[in-house]
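Below is one structure, written out as structure tokens; comments come after it.
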Amino acid sequence: MQVTFDLPDEVVTQLQPFCDQLPQILALGLREFNAIPQEGFSGLAEVLEFLASLPTESAIIALRPSEALQSQLSILKEKNRTVGLTPAEEQLWQHYQYLENIVRIAKARAFLKLNETEAQ
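Be aware that the sequence shown starts at 46, since it is given in this note's numbering, and climbs by one per residue.
What follows is the structure in structure tokens.
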């Protein structure tokens, strides 16, 4: 497929030495762009900061969503139940489901480790 872009002169100058690598540059750029946290999706940062603090197993098991995150989830659930979600809201919902999966895995591992420690 052929695609034509209108680019600023300075970008064209920077890209000229890499003409044969433009597909890879675009692919990497898209990956990085897609990795930027989406507007409105703050839950991942909260969870990562919590886990980066190296909490105890008990603290991981006790982890609950913040009030702000819980409020956002409740709004999305209610909207989904009543009028349906927009594509952007559906994407946000998918992000939250992924985050919930990560937290469940962390809690399961913490629970197993806590049980191993108590059994010894």
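Where a beta carbon is used, it is the ideal one built from N, C-alpha and C, also for glycine.
Cβ neighbour criterion (16 or more within 10 Å) applied to residue i
{"i": "residue 92", "result": "buried"}
{"i": "residue 105", "result": "buried"}
{"i": "residue 99", "result": "exposed"}
{"i": "residue 164", "result": "exposed"}
{"i": "residue 88", "result": "buried"}
{"i": "residue 113", "result": "exposed"}
{"i": "residue 90", "result": "exposed"}
{"i": "residue 155", "result": "buried"}
Own chain residues within Cβ distance below 8 Å of residue i, not counting five before or after
{"i": "residue 121", "result": "130, 134, 137, 138 and 141"}
{"i": "residue 147", "result": "92"}
Limits of the alpha helix (DSSP H) - the one that residue i falls within
{"i": "residue 238", "result": "The structure shown does not extend to residue 238, since the chain is modelled only from 46 through 165, so no value can be given for it."}
{"i": "residue 108", "result": "Taken as a continuous stretch (DSSP letters only), residue 108 belongs to no alpha helix (DSSP H), as it is neither H nor E."}
{"i": "residue 100", "result": "Neither: residue 100 is in no alpha helix (DSSP H) and is coded neither H nor E."}
{"i": "residue 162", "result": "132-164"}
CB-CB length for residue i against residue j, believed under 8 Å
{"i": "residue 108", "j": "residue 152", "result": "7 Å"}
Heavy atom of the ligand SAM within 8 Å of residue i beta-carbon
{"i": "residue 63", "result": "No copy of the ligand SAM occurs in the structure displayed, which carries no ligand at all."}
Short CB-CB distance (under 9 Å) between residue i and chain B
{"i": "residue 69", "result": "In the structure shown, chain B cannot be found, because there is only a single protein chain."}
Close-in-space but distant-in-sequence residues of the same chain around residue i (CB under 6 Å, 5 per side omitted)
{"i": "residue 94", "result": "none"}
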